[in-house]
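Novice: Let me begin by handing over the structure; questions about it come next.
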Amino acid sequence: MTAHFQWSSEFLPLPERAIEQFRRQWHLLAEPGTWWSGPERVAIADASRAAQRGELPAPSPDRSDFVGTVAAKVGAAASDVTETDVASFEQEGLNPLAFIELVGVVARTAAIDTALRGLGAPIEPLPVPAPGSPSNELGIGAKRRSAWVATVGAAGPASALSAVPAENRAQSDLHGALYLSYDEMSDLDIHKGLARFQLELVAARTSLLNDCFF
Amino acid sequence: MTFTDAVVAGHGDLKGARRSLVDAVGAVGASAAARTCGNFEMMNRLVDATGIPISARLSEIAVDLGLPQFGGR
């Protein structure tokens, strides 16, 4: 079977570390997660992609229509998600920790899809799901603090998924490969392809386009 | 900005914007810009869907700018 993310000289250059990280993310997407199976995770990513194309998620045997709707909202209209929405997801039977995992799956898929578009590469087919059961690993000390979901420690961008440790690790790893590691973020003089101020300009513009004012 | 608008929002001619950016900052710089767009597509969704509040350090600035205390609203 051909490996995912075959890079071509027709695309913008991509560091080997980033290609390896994209492949790692696709491997993780296909594997059983913490609260969702591999087929469920891939079906969540598929629903999110459909919504970002402006389409309704196609029915799937691997997720309910309700889960598809939640994935679509996070994928295509995250800035419209409210605290009331998140509470209603739980009232409708979605485990709050499974919601956190869903957010992680959707967000990382969107990140890679967007990066590929910018790099001039085609969208990557979703991986074939792997069998197996979710781990149900709990983030030690996770509880509701100032965010709408539980976090380990203070709620912030780096801890948004921390109640589901595997998702938090995957997010941190991709963050480092795409932009800067969390350790590198304290270095305002860092140059990684662009100067830091140029990276921040792109970041701010992306956030504005997404109506994200964090 | 033109490149970011084309990548993230589908505004304008992406191929042309990519060529212009490569001319301006080189292919490695343009690659960094594309990856940064991707990273913040991820982070925007994380903070908005989970209701991560703006830190106390930034909340005064947010008030000055007329921004809400929670992302996306």
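Each protein sequence line maps, in turn, to chains A and B. Residue numbers for the first sequence follow this note's numbering, beginning at 23 and rising by one. Residue numbers for the second sequence follow this note's numbering, beginning at 95 and rising by one. Glycine residues also receive a C-beta, built at the ideal position from the N, C-alpha and C atoms.
If we count Cβ pairs, one from each stretch, closer than 8 Å, do we get three or more for the stretch 121-131 of chain B versus the stretch 115-129 of chain A?
Specialist: no
Novice: Tell me whether the stretch 176-186 of chain A and the stretch 155-168 of chain A touch, counting them as touching only if at least three CB pairs, one residue from each stretch, are closer than 8 Å.
Specialist: Enough Cβ pairs lie closer than 8 Å, so yes.
Novice: Which word fits B/Arg151, buried or exposed, when buried means at least 16 other C-beta atoms lie within 10 angstroms of its C-beta?
Specialist: The count along the second sequence starts at 1 and reaches residue 151 of chain B at position 57. Counting the other CB atoms within 10 Å of its CB gives B/Arg151 a total below 16, which places it among the exposed residues.
Novice: By Cβ distance, which residues of its chain are closer than 7 Å to A/Leu36, with the 5 residues on each side in sequence left out?
Specialist: Here the question's residue 36 of chain A lines up with position 14 in the first sequence. Closer than 7 Å at Cβ, skipping near neighbours: Trp29 and Leu141.
Novice: Under 7 Å, CB to CB, which of the residues in the stretch 140-163 of chain A have a partner in chain B?
Specialist: Gly140, Leu141 and Gly142
Novice: Looking at the structure shown, is A/Ser82 part of a helix, part of a strand, or coil, going by DSSP?
Specialist: Start at 1 with the first residue of the first sequence, and residue 82 of chain A comes out as number 60. Reduced to three states, the DSSP call for A/Ser82 is strand.
Novice: Quick one: residues in its chain with C-beta nearer than 7 Å to the C-beta of A/Pro147, no 5 flanking neighbours on either side, listed in chain order?
Specialist: Numbered from 1 along the first sequence, position 125 holds the residue referred to as residue 147 of chain A. Here the set comprises nothing.
Novice: If you run the structure through DSSP and keep just helix, strand and coil, what is B/Gly166?
Specialist: In the second sequence, the residue the question calls residue 166 of chain B occupies position 72. At B/Gly166, the pLDDT of 39 sits below 50, so the modelled position is not reliable; the number obtained from the coordinates is stated separately. Three-state result, B/Gly166: coil.
Novice: Is the number of C-beta pairs between the stretch 134-146 of chain B and the stretch 190-200 of chain A that are closer than 8 Å three or more?
Specialist: yes
Novice: According to DSSP, simplified to helix, strand and coil, what is A/Arg218?
Specialist: Counting from 1 along the first sequence, the entry for residue 218 of chain A is found at position 196. In the structure shown, A/Arg218 sits in a helix (DSSP, three-state: H, G or I).
Novice: Taking DSSP's pairing of strands, which residues face A/Lys165 in a bridge?
Specialist: Taking the first sequence and counting its residues from 1, one reaches residue 165 of chain A at position 143. BP columns for A/Lys165 point to A/Thr173.
Novice: Just to make sure I have the definition right: I need the residues of chain B whose C-beta is within less than 8 Å of the C-beta of A/Pro179. Which are they?
Specialist: Reading the first sequence from its first residue, position 157 is the one you call residue 179 of chain A. Near A/Pro179 (Cβ distances below 8 Å), the residues of chain B are Met137, Leu140, Val141 and Ile146.
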